[in-house]
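Q: 40 is the number of the first residue of the sequence shown in our numbering; add one for each residue after it. C-beta atoms are modelled at their ideal positions from N, C-alpha and C, and glycine is treated no differently. Structure below; questions to follow.
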Amino acid sequence: MNIFNSLWFYSYYLIPIAVIWGIYLAIRTIRHKKSKLSRKQAVKSGMTEPPSLHPVIDHTLCLGCGYCINACPEQKSHQVLGLIAGKSNLITPAYCIGHGACERACPHKAITLVFGTEKRGIDIPEVKPNFETNQKGIYIAGELGGMGLIRNAIEQGKQAVESIKQANINNNNADGILDVLIVGAGPAGFAATLAAAQHRLNYITIEQDSLGGTVFHYPRGKVVMTAPVKLPLVGKVMFKETTKEKLLDFWKQAEEKSKVKIRYKERLESIIRTEYGFEVKTTQGMYQSRTVLLTLGRRGTPRKLGIQGEDKPKVVYSLIDPAEYQGKHVLVVGGGDSALEAAYCIACEPETVVTISYRSAAFSRAKEKNRQNIQRLQTEDRLKVIMSSNVVNITDTHVEIKQSERIIKLKNNAVIINAGGILPTGFLKKIGIMVQTKHGTP
Ligand SMILES: Cc1cc2nc3c(=O)[nH]c(=O)nc-3n(C[C@H](O)[C@H](O)[C@H](O)COP(=O)(O)OP(=O)(O)OC[C@H]3O[C@@H](n4cnc5c(N)ncnc54)[C@H](O)[C@@H]3O)c2cc1C
């Protein structure tokens, strides 16, 4: 080969290959840098603990192909996974909701899904394959039993009712005692309710809040990733990617068409075993039932303040859409992350007047980033904070806040109470259900 031929060879083959390789390396370096930065921010703002089921990545098996990253449905809105130094890593664990798509997508079997971390354990009740707990007659389905996601919750709700039907097979309902009392109307409880109606069981469903459970509390317009599923009395539902609003509308229509009866704004208070089954006390009354199906989810019950006016429609316990509060006088009660995030988002909406009332002297439980955001808005005079205070009265037009010995009266259109929640684990233990704390268990 003479010199001209070798030049031809270099310019036609090697140079383009070198350019493509160079572009690939540059993109890879930028992506890795971005992941590192996001990871740093997640650590700084305390977003390092996944809420429940999440991946653990074995770096001896991971080849950094990135299939897991592309497969994660939450990746569109948050950087959950990313590559650092050629390996996949959980970047913002707090945003992982346990779809498990990463595990399925990994061609090298480098991903295991686990519950809880070394630092933060997850309480999972012990449930048999037929969804019955160690307490005969009490069943658990959906996320409360550890298995999150809408489709899983729906499947479990249906299957739990089939098991209950088998257990009730010899009863003729002559005694008027319920076959099953279903608690919760999230995806699991709603599917269980439809199944109970389809099987002609004598049932009642109670729900402390609204149809849809956790889905109802997603931010406005959230993209929901799910999978086709068969709903009793409704048929095949083909949703794969939809929005929160469309999904809730569909369930509402299914509720109306199927004529199932769900008693809203009714909370479970206690379950006592009797000779025929259970006596179940709720905020609205007492029921006798042979079995109880708990589909309570894991969000818990919001803690109430127990003050006058708290039952007014303008009082809510979570922020769904900040834009709803434009031009309004809003009081946010609480000093944790949810309260500070809610106050910040609302104060960023046009013409809002936002006040935070917190019973302690400092926001010591909240993340650094949230504290800084609030401090900045306070300095800019866009938000007011009343520390060491308690709300004592809510009227249609005002709120009254007690600080030391004085009462501060503020004009008010809306109140958001973020005073924490009572998690269901304590209740489960109280009624004798065995609960195991998982620290990274597959
Ligand atoms: C931000 C976020 C995004 C998500 N995105 C997706 C997604 O895209 N796709 C997906 O598949 N999953 C997603 N999930 C997970 C999914 O929402 C849950 O796994 C699912 O809602 C669990 O259903 P569930 O019926 O078991 O519980 P929940 O939906 O939590 O419902 C439980 C119900 O029980 C009620 N309840 C609780 N205690 C009582 C009581 N004492 N008395 C009466 N009623 C009570 C509650 O009010 C609630 O309505 C997401 C979760 C979050 C937090």
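How big is the Cα-Cα spacing for K158 and H478?
A: The alpha-carbon atoms of K158 and H478 are separated by roughly 8 Å.
Q: Less than 8 Å between the CB atoms is what I'm expecting for S91 and G187, so what's the real figure, rounded?
A: Yes, S91 and G187 are in contact; Cβ-Cβ is about 6 Å, under 8 Å.
Q: Determine the closest residue to Y257 out of I108, R338, L467 and G139, with distance taken between C-alpha atoms.
A: Per the Cα distances, R338.
Q: Which of the three DSSP states, helix, strand or coil, is assigned to K126?
A: In this structure, K126 counts as strand in the three-state DSSP scheme.
Q: Note down, in chain order, each residue of its chain lying with its Cβ closer than 7 Å to the Cβ of E380, except the 5 sequence neighbours on either side.
A: Excluding sequence neighbours, E380 sits near N409.
Q: The beta strand (DSSP E) that contains T322, what's its start and end?
A: Neither: T322 is in no beta strand (DSSP E) and is coded neither H nor E.
Q: Going by Cα to Cα distance, which pick from G345, S428, I455 and V431 is closest to I385?
A: That would be I455, whose Cα lies nearest to the Cα of I385.
Q: To the nearest angstrom, how far is it from the Cα of E165 to the Cα of K300?
A: The straight-line gap from Cα to Cα measures roughly 29 Å.
Q: Please return the same chain residues whose Cβ sits closer than 6 Å to the Cβ of N429, not counting the five positions on each side in sequence.
A: Closer than 6 Å at the Cβ level, and outside the excluded window around N429, lie R398 and K441.
Q: Below 9 Å between beta carbons: does that hold for H147 and E201?
A: In this structure, E201 does not lie closer than 9 Å to H147 by Cβ.
Q: How would you write the range of the beta strand (DSSP E) that G274 sits in, first residue to last?
A: Note, G274: beta strand (DSSP E), G274 to V276.
Q: Any idea which residues DSSP pairs G121 with across the strands?
A: Answer by DSSP bridge pairing, in chain order: N128.
Q: Could you check if Y178 is buried or exposed, using at least 16 other CB atoms within 10 Å of its CB as the buried criterion?
A: Classification of Y178: buried, given that the 10 Å Cβ count is 16 or more.
Q: Would you decide whether Y52 is buried or exposed? Buried here means 16 or more other CB atoms lie within 10 Å of its CB.
A: Exposed.
Q: Measuring alpha carbon to alpha carbon, tell me which residue in P267, Q347, A144 and Q292 is nearest T281.
A: Nearest C-alpha to T281: P267.
Q: Tell me whether K283 is buried or exposed, calling it buried when 16 or more other Cβ atoms sit within 10 Å of its Cβ.
A: Label assigned to K283: buried.
Q: Ordered along the chain, which non-local residues of its own chain (more than five positions away) have a Cβ less than 6 Å from that of L462?
A: Closer than 6 Å at Cβ, skipping near neighbours: G339.
Q: For K75, which of helix, strand or coil comes out of DSSP?
A: Correct three-state label for K75: helix.
Q: Hey, is N109 close to ligand 1, as in C-beta under 8 Å from one of its heavy atoms?
A: False, no ligand heavy atom lies under 8 Å from that Cβ.
Q: Distance, Cα to Cα, S249 vs V372?
A: Cα to Cα, the separation comes out at about 22 Å.
Q: Could you tell me which residues DSSP puts in a beta bridge with N173?
A: Paired residues: none, contrary to the question.
Q: Just to check, is the beta-carbon of M264 closer than 8 Å to a non-hydrogen atom of ligand 1?
A: Flag set: Cβ of M264 near ligand 1.
Q: Applying the 10 Å Cβ sphere with the 16-neighbour rule, what's the burial state of V82?
A: That one is exposed.
Q: In angstroms with no decimal places, state the Cα-to-Cα distance between D214 and V438.
A: Between D214 and V438, the C-alpha separation is close to 50 Å.
Q: In chain order, what are the residue ranges of uninterrupted alpha helix (DSSP H) at least 4 long that sit wholly in the segment 138-184?
A: List check, alpha helix (DSSP H) in window: 140-144.
Q: Can you tell me whether S377 is buried or exposed? The criterion is at least 16 other CB atoms within 10 Å of its CB, across all chains shown.
A: By the neighbour-count rule (16 or more Cβ atoms within 10 Å), S377 is buried.
Q: Determine whether the beta carbon atoms of A234 and T334 lie at a separation below 9 Å.
A: Contact flag unset, no.
Q: Name, in chain order, the residues that DSSP records as bridge partners for L233.
A: Note: L233 sits in no beta bridge, so no partner.
Q: With a Cβ-Cβ cutoff of 9 Å, do R329 and G125 count as a contact?
A: Contact flag unset, no.
Q: Can you tell me whether Q475 is helix, strand or coil according to DSSP?
A: Reduced to three states, the DSSP call for Q475 is strand.
Q: Can you give me the Cβ contacts of L467 inside the same chain, cut-off strictly under 6 Å, excluding the 5 residues immediately before and after it?
A: Only P164 and V474 meet the Cβ criterion.
Q: Starting from V200, trace the alpha helix (DSSP H) both ways and give me its first and last residue.
A: I189 to A206 is the extent of the alpha helix (DSSP H) around V200.
Q: Applying the 10 Å Cβ sphere with the 16-neighbour rule, what's the burial state of F170?
A: Burial call: buried.
Q: Given a cut-off of 9 Å, decide if S74 and G139 are closer than it, judged by their beta-carbon atoms.
A: Going by C-beta atoms, G139 is not nearer than 9 Å to S74.
Q: I believe Q417 touches E390 by the beta-carbon criterion, under 8 Å. Please report the beta-carbon distance rounded to the nearest angstrom.
A: Actually they do not touch by this definition, with Cβ atoms about 18 Å apart.
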